[in-house]
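Here is the structure we will look at.
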Amino acid sequence: DQLHFKVRFDVRGFGPKDIEVSTAKNRLTVHGKKSTHTDKSSSSSEFSRTIYLPDSIDDSQFQCHMTTDGILMIEAPVKAPDYQSLTFDDKRQLAVKPQAGTDVAKGATNKDNQLALQLTGVYGPSVLQDGEMGRKLHVEVPVEPGFTSDDLRVRMDANCVVVSGRKNIVEGSGQSQCSHVKEFTRTYTIPETVDTFSVKTQLKDNTLIVEAPLLQSST
20 DQLHFKVRFD
30 VRGFGPKDIE
40 VSTAKNRLTV
50 HGKKSTHTDK
60 SSSSSEFSRT
70 IYLPDSIDDS
80 QFQCHMTTDG
90 ILMIEAPVKA
100 PDYQSLTFDD
110 KRQLAVKPQA
120 GTDVAKGATN
130 KDNQLALQLT
140 GVYGPSVLQD
150 GEMGRKLHVE
160 VPVEPGFTSD
170 DLRVRMDANC
180 VVVSGRKNIV
190 EGSGQSQCSH
200 VKEFTRTYTI
210 PETVDTFSVK
220 TQLKDNTLIV
230 EAPLLQSST
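Take 20 as the starting number for the sequence shown in our numbering and just add one per residue.
If you want it as structure tokens, here you go:
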């Protein structure tokens, strides 16, 4: 199933004909205006809300629906890159499975495949320039040898990046065979909000790289 971006607005007191929804670059605006006239008086009410839209949202496919209790629901599909594997971690929370560095090298001949993330050699979170105007979160996480990209999960959670690894180790053979689980979790606090739909993550040697654009203010 495709991932969707969803947002809700409380528009109680306004009807569908009173509301206008518009999009511009990285912006979604909901504007409502209602006028009421009687023999003795007239009144009007108006509101406007603008939110920031990440580049990963397909704003050409927005759909709007108003519930009977006055909630405006707007959604659009997320343009998830085909290299990025959306999955679930062991707690059934949506996460991203990293791409192996070898897979990036195989796709290097593709002009549209500018996926290789660069190591800085500094563990933990940092903020880097992203193009001329943007900025992005960059996190490098040391990973114990033996873990592969299939064993790792990355989750963005309320101003935190959560990296987890889980690997089943089988030792010995025959009747002396035994198995145990090796796992870890590392949580990094980040000071700004990121575009969770545009997370890129790769495992290079024994370092996991996580990058995501920082969201801009809608004002």
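We put the CB at the ideal spot given by N, CA and C, even for glycine.
At 4 residues or longer, what runs of the alpha helix (DSSP H) sit wholly inside the stretch 154-178? none
Please classify H56 as buried or exposed, where buried requires at least 16 other C-beta atoms within 10 Å of its C-beta. Classification of H56: exposed, given that the 10 Å Cβ count is below 16.
Residues near E230 by beta carbon distance below 7 Å, same chain, minus five either side: L136, K155, L156, H157, K219
Would P117 be called buried (16 or more neighbouring beta carbons within 10 Å of its own) or exposed? buried
Can you tell me whether E159 is buried or exposed, with buried defined as 16 or more other CB within 10 angstroms of its CB? buried
Count the C-beta pairs between the stretch 183-199 and the stretch 143-154 that are closer than 8 Å, then say yes if the count reaches three, no if not. no
Since S79 contacts F216 with CB under 8 Å, what's their CB separation in whole angstroms? About 16 Å separates the two Cβ atoms, so there is no contact after all.
Strictly by DSSP, which residues pair up with D149? G153
Helix, strand or coil: how does DSSP classify K130 here? Note that K130 scores a pLDDT of 40, beneath 50, so its modelled location is shaky and nothing firm can be said.
Cα separation between I228 and I38? 43 Å
Return the first residue and the last residue of the beta strand (DSSP E) that T42 is part of. 38-43
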